[in-house]
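Worksheet: the structure to be examined is printed underneath.
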Amino acid sequence: MPELPEVETVARSLEAGQGTGSTILGRTIQRAAVAWNKTVAAPSATAFKKRIVGQQVTGVGRRAKFIRLDLSEDVLLVHLRMSGDLLFGRSDSPIGKYSRLQLYLDDGLQLSFDDARKFGRVWLVKDPEDVLGGLGPEPFDPALTPKAVHGLIHARKRQLKPLLLDQSFVAGLGNIYADEALHGARLHPLTSAHTISAKQSADLLAAIRAVLKEGIRRNGASIDWVYRGGDFQNHFKVYQRTGKPCPRCATPIERIVVGQRGTHFCPNCQIAPE
DNA sequence: AGGGAAACCCGAACGC
DNA sequence: TGCGTTCGGGTTTCCC
């Protein structure tokens, strides 16, 4: 077994089944501790613990913003929301101030779900579709051709920004990536979906993929005081850059609120709808 | 169908 | 220094 640091952020390595992901595979959950009841989506922390103990990790993966651990009987789904973190380390590591759930594995290993703001949730379900069923396609799904995307967008009479955040439309975009993608495609966040051209739909799809790729390459964004190791926040073009020059045309970035969400855009590159 | 608002949280950043 | 207030992230739920 590879030498382990005390704790290690696990989310990134799970999808590929590399590193921590492969280290977890095959291990059995010996004991579970729930430090914040609401972290466990349902039905109760006691039932959750009773059910998960004894199960073996048979697979790891991701769907949209959910981390997925396949267990021998059930599937454990983890949503980090804003401030959540999944940490892997030795079971004798001190329990963090914000630890909400600990899973003790064999061989002295521990998987811990930490979350300062208590927004994150975990689900233990027989059928992951109970939780994931409503999600739209993955942005990198090959079936999502420019033509298919244009068909989907054109069918919607909705502002682009809330549409991109709608997980049932396309799964996996958050506020940062929606703003950055719209800037990349030179589309104004308030544009009605059904008014955009096929070319613009294709540009939007390309921009979504480009922004996600860059975010992944930079290990994600560490915003606020929540540090997770990534540095994408130093490369935002519009997000949280109100008043600063657009990297494309130097016009000051503006901030508006759309669907209760802070929305950043360049008023010159991203032309407002009539 | 789409939009708006509130609720869930709490550390940080602000105003006084 | 120490209060009180506001903010924002993702999602669900409810209401117009």
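Numbering (this note's numbering), first residue to last: 75 to 348. We treat Cβ as the ideally placed atom computed from N, Cα and C, and that holds for glycine.
Can you tell me where the beta strand (DSSP E) holding residue i begins and where it ends?
i, result
"residue 289", "Here residue 289 belongs to no beta strand (DSSP E); instead the alpha helix (DSSP H) covers 272-291."
"residue 151", "149-153"
"residue 143", "140-145"
Which of helix, strand or coil does DSSP assign to residue i?
i, result
"residue 107", "strand"
"residue 344", "coil"
"residue 127", "coil"
"residue 332", "strand"
"residue 337", "strand"
"residue 269", "helix"
"residue 132", "strand"
"residue 80", "At residue 80, the pLDDT of 47 sits below 50, so the modelled position is not reliable; the number obtained from the coordinates is stated separately. Residue 80 falls in the coil class under three-state DSSP."
"residue 86", "Caution is warranted here: a pLDDT of 47 is assigned to residue 86, below 50, making its placement in the model unreliable, and the coordinate value is therefore given only provisionally. Residue 86 falls in the helix class under three-state DSSP."
"residue 295", "coil"
"residue 243", "coil"
"residue 310", "coil"
"residue 75", "Reliability fails at residue 75, whose pLDDT of 35 lies under 50, so the model's placement of it is uncertain and no value is given."
Beta-carbon separation of residue i and residue j under 8 angstroms?
i, j, result
"residue 158", "residue 135", "no"
"residue 130", "residue 163", "no"
"residue 161", "residue 108", "no"
"residue 152", "residue 187", "yes"
"residue 155", "residue 202", "no"
"residue 337", "residue 331", "yes"
"residue 323", "residue 257", "no"
"residue 198", "residue 104", "no"
"residue 246", "residue 138", "yes"
"residue 306", "residue 315", "no"
"residue 334", "residue 262", "no"
"residue 289", "residue 251", "yes"
"residue 192", "residue 110", "yes"
"residue 266", "residue 231", "yes"
"residue 255", "residue 227", "no"
"residue 206", "residue 242", "no"
Ends of the alpha helix (DSSP H) at residue i?
i, result
"residue 224", "220-228"
"residue 163", "Looking at the DSSP string, residue 163 is not in any alpha helix (DSSP H); the run it does join, the beta strand (DSSP E), is 158-164."
"residue 253", "249-258"
"residue 235", "234-239"
Who are residue i's beta bridge partners in DSSP?
i, result
"residue 114", "196"
"residue 101", "Looking at the DSSP assignment, residue 101 forms no beta bridge with any residue, so it has no partner."
"residue 315", "BP columns for residue 315 are empty, so no partner."
"residue 261", "345"
"residue 137", "140"
"residue 326", "319"
Quiz item: Where in the region 168-217 do unbroken runs of the beta strand (DSSP E), each at least 3 residues long, occur, reported from the N-terminal end onward?
Solution: Qualifying beta strand (DSSP E) stretches, in chain order: 173-179, 183-189, 195-199.
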